[in-house]
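The numbers in the numbering used here rise by one with no breaks, and the one at position 112 of the sequence shown is 324. Glycine included, each C-beta is placed from N, C-alpha and C at the ideal position. What you are looking at is a predicted structure, and each value in this text was computed from that prediction instead of being measured. A short worksheet on the structure shown next.
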Amino acid sequence: MKTSKENIYIVGHTNPDLDSISSAYGYQIYMQLLGYDNYMAIRCDDVNPLTEYVFKQYNIQIPKLVTDISQLNIVLVDHTYPENRAYGWQHANILEVIDHHDVKLEDIIPKSITIRPCGATSTLIAEKFFNSNLNIDINTAGILLSAILDDTLGLKSPTTIQLDIDMVNRLNEICKVGDIWEYSKELFNTKDIWNTLTPKEIIEMDIKEVDIQGNRVCISQVETLNNTDLNERGIIEELNRMNDLNPINLRLVMLTDLIKRNCILLVVGKDISLLENVLNTKIEGNRVFLNDTVSRKKQVLPLIESMYS
């Protein structure tokens, strides 16, 4: 085993989803199998119920919480945008970035960058194992597989590419979850806890903030098996309250139906008229229905970006 006096910490984005945590843990195991014992997965925020469920199912301890990464050697996984980075990143030594999203690295110069458009960062981590002919244990395979299915909505999201499908099939040969769609629905059911949460908790469960040419937009995603069961009016009232306290251009919540593959988009903010223009439809009562829309990254975010182009 190769040793080092300095630890290198692998961390995903704030408000982490399963892919953010699983890819960090998977990369720790990958580097350890290569002989580096100084790589350690951490998290910078609380995990969601699905992450708790999957890590418990595969008997893996959730990475340690570190709320300030100042002065640490860091590998960023599953994000590049500054607004999604852990507190203290400006004073960290960022060595490497592994992500499947758009790139925003103008303010850092990592020694190594792996950026590929695919459905999940865990796809890229799994590929590293297979390309290096390293054996993935059943539990690590299980959390990587689960993360890919979560991020790609059971391989049905428009973000899904052939590499995601290939990695899922190879990982399934190891952890043997059986039918991929049935297992995906099991994961979706675990996430479908929205009626037990307050509107504020719903909004903040999976939220991403972006800055587009100085225009600030927050987009929350709520993935559910029935998007008509949620308290839309309560969510809209909370969005307005949040925007009164901290005004930004737009606050949006995607109420995504994973089975019907559509979205009810709730929106507040001063730029609603701009969104109406790009959608070519009127937003009434702070809501609009979007058919065949399930992906924040591939479908909703490009609309928002086009507003400010």
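- Leaving aside the five residues that flank V266 on each side, the residues in its chain whose CB is nearer than 7 Å to its CB run, in chain order, L230, I355, S358.
- Residue pairing by DSSP puts I254 in a beta bridge opposite V223, K276.
- The three-state reading of DSSP puts D418 in coil, since its state is none of H, G, I, E or B.
- Collapsing the DSSP output to three states places N427 in a strand.
- Y293 and V465 do not touch by the CB rule: their CB atoms are close to 19 Å apart, not below 8 Å.
- The segment 461-477 makes contact with the segment 425-440: 3 or more CB pairs, one atom from each, lie closer than 8 Å.
- Straight through space, the alpha carbons of K420 and L487 are spaced by roughly 18 Å.
- Under DSSP, N474 forms a beta bridge with D469, N503.
- Note that the C-beta distance between N498 and L478 is below 8 Å.
- For E435, the pairing in a beta bridge is given by DSSP as T468.
- Beta-bridge analysis with DSSP links S324 to E308.
- When DSSP states are grouped into helix, strand and coil, I460 belongs to the coil group.
- Residue pairing by DSSP places L288 opposite V223, V309 in a beta bridge.
- Only residues of its own chain outside the window of five on either side were considered, and among them none has a CB closer than 8 Å to the CB of K268.
- Between A253 and P275, the beta carbon gap of about 4 Å places them in contact (Cβ cut-off 8 Å).
- If you look at P514, you'll find it in the alpha helix (DSSP H) that goes 513-519.
- If you check the CB distance, N305 and T226 do not come in under 8 Å.
- Linking N474 to L399 through their CA atoms gives a straight-line distance of about 19 Å.
- Nearest Cα to R382 within the set K403, E218, S334: S334.
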